[in-house]
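Novice: Here you go, one structure.
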Amino acid sequence: MSDVTPQATSTPVALEKESASAAAPTVRKGADPLKIILPLAVGLLFLIFWDAMVRLSHSDIFPKPWDVARGIVELIRKGLLLKYIVASLFRVTIGFGLAVLAGVPSGLLLGWFIRAFQAFNPMIQMLRPISPIAWIPVAILWFGISDLAPIFLIFLASVFPITVSAIAAVRNMQPVYLRAAQNFGLTRGQLFRRVIFPSCLPQIITGIRIALGVAWLVVVAAEMIAVNSGLGYLIIDARNAGKRYDLVVAGMVMIGVIGLILDILVRQLEKFDEVRWGYANNE
Amino acid sequence: MSTNSAVSVRDLWMSFPGKQRGESIHVLEHIDLDVKDGEFVCIVGPSGCGKSTLLNIIGGFLPHTRGEVIVEGKPVDGPDARRIFVFQENGVFPWLTVRENIGFGLLRKSEEEREKAVAHYTAMVGLTGFENAYPRELSGGMRQRVEIARALAANPDIIYMDEPFGALDFITRLKMRADLVRIWQTEKKTILFVTHDIEEAVQLADRVLVMSKRPATIQTIINVDLPRPRDLDSKGYLETRDRIFSAMGMSLKIGEANTTAA
Chain A
1 MSDVTPQATS
11 TPVALEKESA
21 SAAAPTVRKG
31 ADPLKIILPL
41 AVGLLFLIFW
51 DAMVRLSHSD
61 IFPKPWDVAR
71 GIVELIRKGL
81 LLKYIVASLF
91 RVTIGFGLAV
101 LAGVPSGLLL
111 GWFIRAFQAF
121 NPMIQMLRPI
131 SPIAWIPVAI
141 LWFGISDLAP
151 IFLIFLASVF
161 PITVSAIAAV
171 RNMQPVYLRA
181 AQNFGLTRGQ
191 LFRRVIFPSC
201 LPQIITGIRI
211 ALGVAWLVVV
221 AAEMIAVNSG
231 LGYLIIDARN
241 AGKRYDLVVA
251 GMVMIGVIGL
261 ILDILVRQLE
271 KFDEVRWGYA
281 NNE
Chain B
284 MSTNSAVSVR
294 DLWMSFPGKQ
304 RGESIHVLEH
314 IDLDVKDGEF
324 VCIVGPSGCG
334 KSTLLNIIGG
344 FLPHTRGEVI
354 VEGKPVDGPD
364 ARRIFVFQEN
374 GVFPWLTVRE
384 NIGFGLLRKS
394 EEEREKAVAH
404 YTAMVGLTGF
414 ENAYPRELSG
424 GMRQRVEIAR
434 ALAANPDIIY
444 MDEPFGALDF
454 ITRLKMRADL
464 VRIWQTEKKT
474 ILFVTHDIEE
484 AVQLADRVLV
494 MSKRPATIQT
504 IINVDLPRPR
514 DLDSKGYLET
524 RDRIFSAMGM
534 SLKIGEANTT
544 AA
């Protein structure tokens, strides 16, 4: 046994110095050129491969990368690109926003009240696997050829991932947080606001991220059928009116770019201090 | 120190329903115990004996099957902000800073009072300078300090501690115990502390309640009549420790290690 004696220690902070590594702020990574060079190289190789394949196949219809770039410029000149992007983003914003407003509270309630969960969960699990695409005819029947049809489809597509992640968040909550909160005598409202909601937020944000990805997939499909504007409409219209495959691929490229930007934006939510604890060592 | 009972348990029984229908698992049998106002009492017992269950019943987190649990003159019917529980698995809220965590139980106080109490208890547990840190940026020992400060700031009469240092390394544990004794001496709270670590109990407590294996009962009560700060090499310390070891039916030749996992 050592001669360590449990008596008043003078400076506990100094004693905890061994923990400094745990307390160290996130280390800023130095610029790593390979992190930029490698993806650029892969992209360039892809473009060369694409170009070569089109030349080898002597296709008159399928565009080369350069044709697509010119297509994008043409769309910008005509003012169509911005108009269609705005149209698609508008539908996603409304449908997805409604899904967040409906999905988060209902998921939290269903997660908290076990009887409500038992009552509604089978229904949710049955509706969830039905592809939003399958709802297109129903949406047209109910809402006609208008903005409401794709908005409805986007809502349907994104409300389930959000609800389900909120339910799971409440049900997987660490019991120790609840018990600590109970101990301090919180009212129901305080318990919800100060403990349940913040403890569920990281998982809810993950659900929101998945839902936004799905919403962006669905808006394109919905616009091919139910409306006459937007990036989905651009693609189907370019194909039907003159087999303009350069514009088809240009539309696809824009969908990819905007999808990437949306994901990067939602990812920023995960960086707030209030939720960062909920993600395992994400860089 | 007054002689009023802070906690008084009479003929407490506890059983859980078993896997089979009608079967029940007896966890606690005929528990009697008293904790005086301002006393530091440790409950030790083998892993899985039900000492945590006992503390949870006294804390109001679990119902009991039979008997009486009186805390501060009233039967317990749920958790209460005048008795704060410090959890083994660390109940510090990861979405709040150290400052917000420590002030968590003080929402009904004015801003000014809260600030004062938070600063006071942050300093007491040695976390000054870390007020704006989040728990994920702290070591395990520091997180446990935050939880202790949060409990103290709520100004409870009694603090229940359920193996609060169980997950910490040996050196950190020694420091935490030393600080806890210092804090207890200044704050004069009643502390009921559950541990499977006999050395820990002897270092901390006025009295040690030794529990038996399941179905558990209080087997022996050992007074630790040693001056503080305690000398871990003194004859009195070693004798007290050995008495608890033998009360738990352990030979010291194999029982020397206090590293048994919970």
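In the order they appear, the protein sequences are chains A and B. The first sequence begins at 1 in the numbering used here and counts up one residue at a time. The second sequence begins at 284 in the numbering used here and counts up one residue at a time. Heads up, the beta-carbon is just placed ideally off N, CA and C, and yes, glycines get one too.
1. Does glycine 111 of chain A have its Cβ less than 7 Å from a Cβ in chain B?
2. In the structure shown, what three-state DSSP assignment does cysteine 325 of chain B receive?
3. Compare the C-beta of tyrosine 443 of chain B with all C-beta atoms of chain A and state if any pair is closer than 7 Å.
4. Taking the CB atoms as reference points, tell me whether valine 249 of chain A and glycine 232 of chain A lie closer together than 7 Å.
5. Give the secondary structure of asparagine 506 of chain B by DSSP, where H, G and I count as helix, E and B as strand, and everything else as coil.
6. With a Cβ-Cβ cutoff of 7 Å, do glutamate 482 of chain B and glutamine 371 of chain B count as a contact?
7. If you draw a straight line from the C-alpha of methionine 425 of chain B to the C-alpha of leucine 410 of chain B, how long is it?
8. Taking histidine 313 of chain B and threonine 500 of chain B to be in contact with their CB atoms under 8 Å, please state how far apart those CB atoms are, rounded to whole angstroms.
9. Glycine 305 of chain B versus chain A: which residues are under 9 Å apart at the beta carbon?
10. Which residues share a DSSP beta bridge with phenylalanine 299 of chain B?
11. Count the other CB atoms within 10 Å of the CB of histidine 403 of chain B; is the residue buried (16 or more) or exposed (fewer)?
12. Taking only the alpha-carbon atoms, compute the straight-line gap between phenylalanine 96 of chain A and alanine 180 of chain A and give it to the nearest angstrom.
13. DSSP three-state call for leucine 492 of chain B: helix, strand or coil?
14. On a CA-only basis, which of A/Leu75, A/Val195 and A/Val100 is nearest serine 175 of chain A? Give me that one, please.
15. Please tell me whether aspartate 246 of chain A and aspartate 67 of chain A are closer than 7 Å, where the distance is taken between their beta carbons.
16. Please confirm whether leucine 110 of chain A and alanine 116 of chain A have their CB atoms less than 7 Å apart.
17. Spatial neighbours of tyrosine 279 of chain A within its chain, please: C-beta separation below 7 Å, excluding the five flanking residues on both sides.
18. In terms of residues, what are the limits of the beta strand (DSSP E) holding methionine 533 of chain B?
19. Determine the contact status of glycine 321 of chain B and lysine 518 of chain B, defining contact as a CB-CB distance below 7 Å.
20. Are there 16 or more other CB atoms within 10 angstroms of the CB of tryptophan 467 of chain B, so buried, or fewer, so exposed?
21. Looking only at its own chain, which residues have a Cβ that is under 6 Å from the Cβ of glycine 207 of chain A, when we skip the five neighbours before and after it?
22. Counting only C-beta atoms, is glutamine 182 of chain A closer than 7 Å to chain B at any point?
23. Please state if the CB of arginine 382 of chain B and the CB of histidine 401 of chain B are separated by a distance shorter than 7 Å.
24. Out of B/Leu435, B/Pro377 and B/Ala437, which has the shortest C-alpha to C-alpha gap to asparagine 415 of chain B?
25. Thinking just about the alpha-carbon of each residue, which of B/Met533, B/Ala461, B/Gln303 and B/Pro418 is nearest to the one in glutamate 274 of chain A?
26. Using the DSSP secondary-structure output, state which residues sit across from isoleucine 314 of chain B in a beta bridge.
27. To the nearest angstrom, report how far apart isoleucine 367 of chain B and alanine 436 of chain B are at their CA atoms.
28. Compute the distance between the beta-carbons of valine 408 of chain B and alanine 432 of chain B, then report whether it is under 7 Å.
29. Closer than 7 Å, CB to CB, is arginine 419 of chain B near chain A or not?
30. Between the stretch 265–279 of chain A and chain B, which residues of the former have CB atoms less than 9 Å from a CB of the latter, in chain order?
31. So is aspartate 263 of chain A in contact with chain B if we call contact Cβ pairs under 7 Å?
32. What number of angstroms, rounded off, separates the C-alpha of glycine 230 of chain A from the C-alpha of lysine 78 of chain A?
33. Buried or exposed for glutamate 395 of chain B, going by 16 or more other Cβ atoms inside 10 Å?
34. Could you give the C-beta distance for isoleucine 132 of chain A and alanine 157 of chain A, rounded to a whole number, given that I count them as a contact under 8 Å?
35. Residues of chain A with CB under 8 Å from glycine 374 of chain B, in chain order?
36. Could you please give me the residues that DSSP links to lysine 553 of chain B through a beta bridge?
Specialist: According to the data block:
1. In the first sequence, counting from the first residue as 1, residue 111 of chain A sits at position 111. Not an interface residue.
2. The residue given as residue 325 of chain B occupies position 42 in the second sequence. Three-state DSSP puts cysteine 325 of chain B in a strand.
3. Taking the first residue of the second sequence as 1, we reach residue 443 of chain B at position 160. It does not; no Cβ of chain A falls within 7 Å.
4. For the purposes of this step, residue 249 of chain A is taken as residue 249 along the first sequence, with counting starting at 1. For the purposes of this step, residue 232 of chain A is taken as residue 232 along the first sequence, with counting starting at 1. It is not a contact, given that the beta carbons lie outside the stated cut-off.
5. By 1-based counting over the second sequence, the position of residue 506 of chain B is 223. Strand, per DSSP.
6. Counting from 1 along the second sequence, the entry for residue 482 of chain B is found at position 199. Counting from 1 along the second sequence, the entry for residue 371 of chain B is found at position 88. Against a cut-off of 7 Å, the Cβ pair of glutamine 371 of chain B and glutamate 482 of chain B comes out as no contact.
7. For the purposes of this step, residue 425 of chain B is taken as the residue at position 142 of the second sequence. For the purposes of this step, residue 410 of chain B is taken as the residue at position 127 of the second sequence. The straight-line gap from Cα to Cα measures roughly 8 Å.
8. Stepping through the second sequence from its first residue, residue 313 of chain B is reached at position 30. Stepping through the second sequence from its first residue, residue 500 of chain B is reached at position 217. Indeed they touch by this definition, with Cβ atoms about 5 Å apart.
9. Residue mapping note: residue 305 of chain B aligns to position 22 of the second sequence, counting from 1. Near glycine 305 of chain B there are no residues of chain A at all, since even the closest Cβ is about 25 Å away, more than 9 Å.
10. As a first step, residue 299 of chain B is located in the second sequence; it is residue number 16 there, counting from the start. Answer is B/Ile308, bridged to phenylalanine 299 of chain B.
11. Numbered from 1 along the second sequence, position 120 holds the residue referred to as residue 403 of chain B. It counts as exposed.
12. On the first sequence, position 96 is the one that residue 96 of chain A refers to. On the first sequence, position 180 is the one that residue 180 of chain A refers to. Rounded to whole angstroms, phenylalanine 96 of chain A to alanine 180 of chain A spans 35 Å at the Cα level.
13. For the purposes of this step, residue 492 of chain B is taken as residue 209 along the second sequence, with counting starting at 1. Leucine 492 of chain B falls in the strand class under three-state DSSP.
14. Taking the first sequence and counting its residues from 1, one reaches residue 175 of chain A at position 175. Here residue 175 of chain A turns out to be proline, not serine, going by the sequence shown. Of the candidates A/Leu75, A/Val195 and A/Val100, the one whose C-alpha sits nearest the C-alpha of proline 175 of chain A is A/Val195.
15. Here the question's residue 246 of chain A lines up with position 246 in the first sequence. Here the question's residue 67 of chain A lines up with position 67 in the first sequence. Taking 7 Å as the Cβ cut-off, aspartate 246 of chain A and aspartate 67 of chain A qualify as a contacting pair.
16. In the first sequence, counting from the first residue as 1, residue 110 of chain A sits at position 110. In the first sequence, counting from the first residue as 1, residue 116 of chain A sits at position 116. Contact flag set, yes.
17. Here residue 279 of chain A refers to the residue found at position 279 of the first sequence. Excluding residues within five positions, the ones whose Cβ falls inside 7 Å are Pro202 and Glu270.
18. By 1-based counting over the second sequence, the position of residue 533 of chain B is 250. First-last for methionine 533 of chain B: undefined, no H or E at that position.
19. On the second sequence, residue 321 of chain B is found 38 positions in, with the first residue counted as 1. On the second sequence, residue 518 of chain B is found 235 positions in, with the first residue counted as 1. Taking 7 Å as the Cβ cut-off, glycine 321 of chain B and lysine 518 of chain B do not qualify as a contacting pair.
20. Along the second sequence, read from residue 1 onward, the residue named residue 467 of chain B stands at position 184. By the 10 Å Cβ count, tryptophan 467 of chain B comes out buried.
21. Numbered from 1 along the first sequence, position 207 holds the residue referred to as residue 207 of chain A. Correct list, in chain order: Pro161, Ile162 and Ser165.
22. As a working note, residue 182 of chain A is residue 182 in the first sequence. Yes - at least one Cβ of chain B is within 7 Å of the one on glutamine 182 of chain A.
23. As a position in the second sequence, residue 401 of chain B is number 118, starting the count at 1. As a position in the second sequence, residue 382 of chain B is number 99, starting the count at 1. It should be pointed out that residue 401 of chain B corresponds to valine in this sequence rather than to histidine. Their beta carbons are under 7 Å apart, which means valine 401 of chain B touches arginine 382 of chain B by this criterion.
24. As a working mapping, residue 415 of chain B is identified with position 132 in the second sequence. It is B/Pro377.
25. Numbered from its first residue, the first sequence carries residue 274 of chain A at position 274. Looking at the Cα atoms, B/Pro418 is the closest of the given residues.
26. By one-based count along the second sequence, residue 314 of chain B stands at place 31. In DSSP, isoleucine 314 of chain B forms a bridge with B/Leu295.
27. For this step, residue 367 of chain B is matched to residue 84 along the second sequence. For this step, residue 436 of chain B is matched to residue 153 along the second sequence. If you take the alpha carbons of isoleucine 367 of chain B and alanine 436 of chain B, they lie about 10 Å apart.
28. Numbered from 1 along the second sequence, position 125 holds the residue referred to as residue 408 of chain B. Numbered from 1 along the second sequence, position 149 holds the residue referred to as residue 432 of chain B. Yes, the pair counts as a contact, with Cβ atoms nearer than the cut-off.
29. Walking along the second sequence from the start, residue 419 of chain B turns up at place 136. At least one chain A Cβ lies under 7 Å of arginine 419 of chain B.
30. Asp273, Glu274, Val275, Arg276, Trp277 and Gly278
31. Counted from its first residue, the first sequence places residue 263 of chain A at position 263. False, the Cβ-Cβ gap to chain B never drops below 7 Å.
32. For the purposes of this step, residue 230 of chain A is identified with residue 230 of the first sequence, where counting begins at 1. For the purposes of this step, residue 78 of chain A is identified with residue 78 of the first sequence, where counting begins at 1. Those two C-alpha atoms are separated by around 14 Å.
33. Taking the second sequence and counting its residues from 1, the one referred to as residue 395 of chain B is at position 112. With fewer than 16 Cβ atoms within 10 Å of its Cβ, glutamate 395 of chain B is classed as exposed.
34. What you label residue 132 of chain A is simply residue 132 of the first sequence in a count that begins at 1. What you label residue 157 of chain A is simply residue 157 of the first sequence in a count that begins at 1. Checking the displayed sequence, the identity of residue 132 of chain A turns out to be proline instead of isoleucine. With 8 Å as the limit, proline 132 of chain A and alanine 157 of chain A qualify as a contact, their Cβ atoms being about 4 Å apart.
35. As a first step, residue 374 of chain B must be located in the second sequence, where it is residue number 91. Within 8 Å Cβ-Cβ: Val176, Tyr177, Arg179 and Ala180.
36. Outside the displayed span of chain B (284 to 545) sits residue 553 of chain B, for which this structure offers no information.
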